[in-house]
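In what follows, a single structure is set out as C-alpha cells and then discussed.
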Amino acid sequence: MDSRDKTLVIVAIIICVVICCLSPFIASGDPDGLEKSAEDANVAEDVATEVFASPFPDYTYEPLASIGEVGVLILGVVVTLLCGLGVATIMKKRS
Amino acid sequence: MHIPDGFIPFWQCAIYYVILIVALYFASKWARKNLDDKRIPLLAVLAAGIFAIMSMNMPIPFGTSGHMVGGALVAIIFMAPEAAVIVFTVVLIIQALVFGDGGITVLGANVLNMAIIGGFTGLFTFKVLKDKVGIYIASGVGAWLATVLSALACAIEMAIAGTFPLTIGVASMVTYHLFIGIIEAVLTVIVIAAIEKFRPDLLYWDNEKTTGGE
C-alpha cells in the first residue's frame, strides 16, 4: 500500500467515524421503506424472526445507550474494513 | 431494504443462495482478472463506508426513512457489478451475523437486490448516459433507478414468498424508494466527484479493457 492509498484509507476511516458518531443522534427512527411496506401490507410483527441472537442487535449495546451505539458502529466499520481487505486480497488479480 | 429472516420461506432462500453462489463465481473470476493491488484498499473502504452510511437513515415523506445502499456506486466505480457482489456479500454477512440487520437465511435475496440488480441497473444506466449528459448526471440517474428497481424486485420477491400481496407491496416499495433513491443519487454523485477529484487514477472509466463481464 503506497502513501496515497494509506491516505485514502485514513480519510475514509475519519469519514466513517464521523458518520458513526452522528448517526445514533440524528438518524431517523422512522421505519425504513421495507418495514413501512410490511406495515402497509399488515404483515404481523412476528413474521420477521431471528435465526440466532446477534451480539449487537440493531446496532445497540444496551448498557452504554447512545455511546454504546457509536462504539458498536465503529466496531462494525473496523470489522468491515478488515474483512474487505482480507477478502479482496484473497480474490485479487493473479499475474 | 434489508429483508429479515422469516420473510422468505427456506426453500426459496435456497434458490437465492444458488444465485449468490453463481454471482460469487463470476465475481471471483472478475477479481482474478481485474482487482489489482492498487484497488484493494478502495474496495475495502467502500465496504466500510457502505456499512457506516447504512446506519444513517434519513427521513422521507409518509413517516418513512431510508438510507443509501451503494450498489450502483460500487458497480460504477469499478465498472463491474461483480465488485458490488463482493462488497455486499461481505457487508451483509457482517450486518446479519453481528448486528441482526437483514437475515442470514435471506442473504442471497439481499445480495441479489442491492448488489446484482442495483449494480447492473446503476452501471448500465451510467454507461448509456455518460457520454450524453456527463458522469455526474449519469451516475445520479443510475443510482436512483438502481434503488427503485431493487425495491421493485424486493416487492416481487415478497409476493412470491407470500409475505406481501403483489399490488400493495409494489405500490408501497416503489413509492417510498422513489424518494429514498434521491438520497442514493445525491450521495453517489458526491462520492464519485470526490474520487474523481482526489484519486482519478482509481477509476476504470478510461480503461474499458479492464472491465469485467457485464
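If you read the sequences in order, they're chains A and B.
Residues in the first sequence are numbered consecutively from 61, following the working numbering.
Residues in the second sequence are numbered consecutively from 39, following the working numbering.
Where a beta carbon is used, it is the ideal one built from N, C-alpha and C, also for glycine.
What you are looking at is a predicted structure, and each value in this text was computed from that prediction instead of being measured.
What separation, rounded to the nearest whole angstrom, lies between the Cα atoms of residue i and residue j?
i: residue 140(A); j: residue 200(B); result: 33 Å
i: residue 247(B); j: residue 129(A); result: Bear in mind that a pLDDT of 43 at residue 247(B), under 50, signals an unreliable position, so the model cannot answer this.
i: residue 250(B); j: residue 71(B); result: Below a pLDDT of 50, predicted positions are generally treated as unreliable, and residue 250(B), at 45, falls in that range; the measurement from the model is reported next regardless. Between residue 250(B) and residue 71(B), the C-alpha separation is close to 8 Å.
i: residue 190(B); j: residue 208(B); result: 6 Å
i: residue 164(B); j: residue 177(B); result: 5 Å
i: residue 97(A); j: residue 63(A); result: 46 Å
i: residue 228(B); j: residue 94(A); result: 25 Å
i: residue 51(B); j: residue 196(B); result: 12 Å
i: residue 150(A); j: residue 75(B); result: 11 Å
i: residue 160(B); j: residue 215(B); result: 15 Å
i: residue 77(B); j: residue 102(A); result: 45 Å
i: residue 56(B); j: residue 147(B); result: 10 Å
i: residue 113(A); j: residue 108(B); result: 27 Å
Any idea which residues DSSP pairs residue i with across the strands?
i: residue 43(B); result: According to DSSP, which records beta bridges pairwise, residue 43(B) is partnered with nothing at all.
i: residue 103(B); result: 92(A), 97(B)
Buried or exposed: residue i, going by 16 or more other Cβ atoms within 10 Å of its Cβ?
i: residue 85(A); result: exposed
i: residue 74(A); result: exposed
i: residue 54(B); result: buried
i: residue 100(A); result: buried
i: residue 61(A); result: exposed
i: residue 127(B); result: buried
i: residue 157(B); result: buried
i: residue 205(B); result: exposed
i: residue 103(B); result: buried
Given 8 Å, three or more beta-carbon pairs between the region 101-109 of chain A and the region 93-101 of chain B: Judged by Cβ distances under 8 Å, the region 101-109 of chain A makes no contact with the region 93-101 of chain B, as fewer than three pairs qualify.
The region 142-149 of chain A in contact with the region 78-88 of chain B per 3-pair CB rule at 8 Å: Here the region 142-149 of chain A lies against the region 78-88 of chain B, with 3 or more beta-carbon pairs under 8 Å apart.
Cβ contact check for the region 180-188 of chain B and the region 212-219 of chain B: 3 or more pairs under 8 Å: In short, these stretches touch, since the Cβ pair count reaches three.
Sufficient close CB pairs (3 or more, under 8 Å) joining the region 112-126 of chain B to the region 57-77 of chain B: Short answer: they touch.
Residues from the region 113-126 of chain A in contact with chain B, defined by Cβ distance under 7 Å: Hits within the stretch, in order: 114, 115, 116, 117, 118, 119.
Residues of the region 138-155 of chain A whose Cβ lies closer than 7 Å to any Cβ of chain B, in chain order: Contact annotation: in the region 138-155 of chain A, residues whose CB is within less than 7 Å of a CB in chain B are 139, 140, 141, 143, 144, 145, 147, 148, 149, 151, 152, 153, 154.
The region 93-114 of chain A: positions lying closer than 9 Å to chain B by Cβ: So the close ones are 93, 94, 95, 96, 97, 98, 99, 100, 101, 102, 103, 106, 107, 108, 109, 110, 111, 112, 113, 114.
Chain A contacts from the region 202-224 of chain B (Cβ-Cβ distance under 7 Å): Considering only beta carbons, the part of the region 202-224 of chain B lying closer than 7 Å to chain A consists of 202, 203, 206, 207, 210, 211, 214, 215, 218, in chain order.
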